[in-house]
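Colleague: Can you read through this structure? Questions will come right after.
In UniProt numbering, the protein residues as written are 1 to 369.
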């Protein structure tokens with residue numbers, strides 16, 4: 001498995017470069033329909049272009065998200081290449097610039113699914129889409145004062161995942177494996193990301209019931225395997241054998257943690273992660289990870305694109321929907337060794353077939369602030 005992680009890091013660097021090139025080529029060559037008889041921003045669009053704006057496809061998580069978007073596009077009878085990838089590489093500025101360029105190229109005749117990369121970026125993104133007459137569904141990141149119903153129909157929906165409770169559950173599993181005592185470190189995502197904040201809060205909530213567990217340090221690893229490895233190495237230098245457990249905000253980070261531990265000859269360190277990627281589920285089955293959490297990114301990627309598209313063509317009118325259909329939680333599944341085999345068979349060995357018009361079936365209620 002150590003070779004897997006090394007290969008993963010090498011592939012992550014190469015794939016990131018390749019996907020950036022492919023995305024740039026795709027944006028330049030995909031035929032984007034013009035506007036046909038639009039009476040205004042709220043009129044139904046005709047054959048809108050569809051795009052997904054996201055971090056990068058080198059990550060198994062984002063690859064699954066975009067594969068869901070492609071599955072939705074194929075359900076319309078289009079080739080998967082009809083989904084335009086707007087890859088921001090974790091840059092908020094690039095995220096906004098790429099979306100504005102896509103809006104200009106499509107003359108606003110478009111449906112966009114988007115993770116704004118950080119919370120403050122959601123507002124300028126949404127405002128740009130509304131001004132152009134496009135339609136957008138966002139996931140993960142937005143500020144608490146930004147709501148789809150304040151933007152009529154153009155801001156279709158926002159989906160996030162209630163990460164605090166699942167992250168608390170993984171922390172409790174970790175603390176029990178540590179025997180209820182010792183030092184723990186947390187390696188997080190991008191500091192301004194909502195999921196990074198919630199997953200750290202979940203850890204802190206669990207700490208309240210474990211007075212003999214000490215949080216030695218918590219630092220961002222930016223959802224990145226290589227940064228996770230470097231950060232874990234620095235933690236080992238600083239805290240040494242005080243570290244008895246590791247709480248990771250993402251599977252990608254956990255891969256780097258494991259490599260850093262093995263470089264120091266450390267085996268069997270209790271580690272928990274998050275995202276439910278195939279490699280991480282395999283590690284749970286093998287006992288290298290205690291737990292991970294699945295957020296069904298394939299469904300999330302497909303349904304976000306579907307919501308934006310169907311709102312754009314007039315299948316439903318977002319402003320006539322209840323608030324729980326505008327802001328809602330996506331599904332989460334905790335995966336431990338006892339249920340990993342069953343989970344893998346159901347969700348990973350064969351991707352379930354989803355009804356892309358069942359917009360809110362698997363959701364978990366309205367977002368609470």
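Idealized CB from N, CA, C, for every residue including glycine.
Could you tell me whether the Cβ atoms of residue 90 and residue 190 are closer together than 9 Å?
Modeller: As a position in the chain shown, residue 90 is number 90, starting the count at 1. As a position in the chain shown, residue 190 is number 190, starting the count at 1. Yes, these two residues count as a Cβ contact at 9 Å.
Colleague: Here's a check: name, in chain order, each residue in its chain whose Cβ is nearer than 7 Å to the Cβ of residue 356, leaving out the five neighbours to either side.
Modeller: Within the chain shown, residue 356 is the residue found at index 356, counting from 1. Once the five neighbours on either side are set aside, the close Cβ partners of residue 356 are 72, 75, 302, 303, 306.
Colleague: Residues bridged to residue 275 by DSSP?
Modeller: In the chain shown, the residue the question calls residue 275 occupies position 275. BP columns for residue 275 point to 294.
Colleague: With 16 other CB atoms within 10 Å as the buried threshold, where does residue 264 fall?
Modeller: As a first step, residue 264 is located in the chain shown; it is residue number 264 there, counting from the start. Under this definition residue 264 is an exposed residue.
Colleague: Which first and last residues belong to the beta strand (DSSP E) in which residue 113 is found?
Modeller: The residue labelled residue 113 in the question sits at position 113 within the chain shown. Taken as a continuous stretch (DSSP letters only), the beta strand (DSSP E) holding residue 113 covers 110-114.
Colleague: Distance, Cα to Cα, residue 184 vs residue 222?
Modeller: Translated into positions along the chain shown, residue 184 becomes position 184. Translated into positions along the chain shown, residue 222 becomes position 222. Computed Cα separation, rounded: 19 Å.
Colleague: With DSSP collapsed to three states, give me the class of residue 210.
Modeller: The residue you call residue 210 lines up with position 210 of the chain shown. Here residue 210 sits in coil by DSSP.
Colleague: Please report the straight-line C-alpha distance between residue 97 and residue 131, rounded to a whole angstrom.
Modeller: Along the chain shown, one-based indexing puts residue 97 at 97. Along the chain shown, one-based indexing puts residue 131 at 131. The alpha-carbon atoms of residue 97 and residue 131 are separated by roughly 15 Å.
Colleague: Straight-line CA distance for residue 210 to residue 336?
Modeller: Translated into the one-based positions of the chain shown, residue 210 becomes position 210. Translated into the one-based positions of the chain shown, residue 336 becomes position 336. Computed Cα separation, rounded: 21 Å.
Colleague: Helix, strand or coil: which one does DSSP assign to residue 217?
Modeller: Residue 217 sits at position 217 when you count from the first residue of the chain shown. If DSSP states are grouped into helix, strand and coil, residue 217 belongs with the strands.
Colleague: Tell me the rounded alpha-carbon separation between residue 269 and residue 341.
Modeller: Within the chain shown, numbered from 1, the residue matching residue 269 stands at position 269. Within the chain shown, numbered from 1, the residue matching residue 341 stands at position 341. Approximately 22 Å, taken between the alpha carbons.
Colleague: Given a cut-off of 9 Å, decide if residue 288 and residue 271 are closer than it, judged by their beta-carbon atoms.
Modeller: Within the chain shown, numbered from 1, the residue matching residue 271 stands at position 271. Within the chain shown, numbered from 1, the residue matching residue 288 stands at position 288. For residue 271 and residue 288, yes; Cβs fall inside 9 Å.
Colleague: Closest to residue 161 by CA distance: which of 343, 274, 153, 317 is it?
Modeller: For the purposes of this step, residue 161 is identified with residue 161 of the chain shown, where counting begins at 1. Of the candidates 343, 274, 153, 317, the one whose C-alpha sits nearest the C-alpha of residue 161 is 274.
Colleague: May I have the straight-line CA-CA distance separating residue 67 from residue 244, to the nearest angstrom?
Modeller: To locate residue 67, count along the chain shown from 1; it is residue 67. To locate residue 244, count along the chain shown from 1; it is residue 244. Going by the C-alpha atoms only, they are around 37 Å apart.
Colleague: For residue 348, which option in 150, 365, 46, 279 has the closest C-alpha, if you only look at C-alpha atoms?
Modeller: For the purposes of this step, residue 348 is identified with residue 348 of the chain shown, where counting begins at 1. Comparing Cα positions, the closest option is 279.
Colleague: Mind reading off the beta-carbon distance from residue 187 to residue 232? Whole number of angstroms is fine, and I expect it under 8 Å.
Modeller: Sequence index remark: in the chain shown, residue 187 carries index 187 (1-based). Sequence index remark: in the chain shown, residue 232 carries index 232 (1-based). Residue 187 to residue 232, Cβ: 7 Å. Contact.
Colleague: Residue range of the beta strand (DSSP E) that residue 157 falls in?
Modeller: As a first step, residue 157 must be located in the chain shown, where it is residue number 157. Per DSSP, residue 157 belongs to the beta strand (DSSP E) from 155-160.
Colleague: Mind checking which residues open and close the beta strand (DSSP E) that includes residue 327?
Modeller: In the chain shown, counting from the first residue as 1, residue 327 sits at position 327. 327-329 is the span of the beta strand (DSSP E), which, as asked, contains residue 327.
Colleague: Taking all protein chains shown into account, do 16 or more other C-beta atoms lie within 10 angstroms of the C-beta of residue 309, making it buried, or fewer, making it exposed?
Modeller: Position 309 of the chain shown, counted from the first residue, corresponds to residue 309. Classification of residue 309: buried, given that the 10 Å Cβ count is 16 or more.
Colleague: Using three-state DSSP, classify residue 137 as helix, strand or coil.
Modeller: As a working note, residue 137 is residue 137 in the chain shown. Residue 137: strand per DSSP, three-state reduction.
Colleague: What is the DSSP secondary structure of residue 244, counted as helix, strand or coil?
Modeller: Within the chain shown, the letter at position 244 stands for residue 244. In this structure, residue 244 counts as strand in the three-state DSSP scheme.
Colleague: Kindly indicate which residue of 146, 112, 120 has the alpha-carbon position closest to the one of residue 133.
Modeller: Counted from its first residue, the chain shown places residue 133 at position 133. Among 146, 112, 120, the Cα nearest to that of residue 133 belongs to 112.
Colleague: Apart from the five residues just before and just after residue 366, which ones in its own chain have a Cβ nearer than 7 Å to its Cβ?
Modeller: The residue labelled residue 366 in the question sits at position 366 within the chain shown. Result list for residue 366: 323, 324, 327, 328, in chain order.
Colleague: Skipping 5 residues on each side, what residues in its chain have a beta carbon closer than 6 Å to that of residue 343?
Modeller: Locating residue 343 in the chain shown gives position 343, where the first residue counts as 1. So the list reads 335, once near-sequence residues are dropped.
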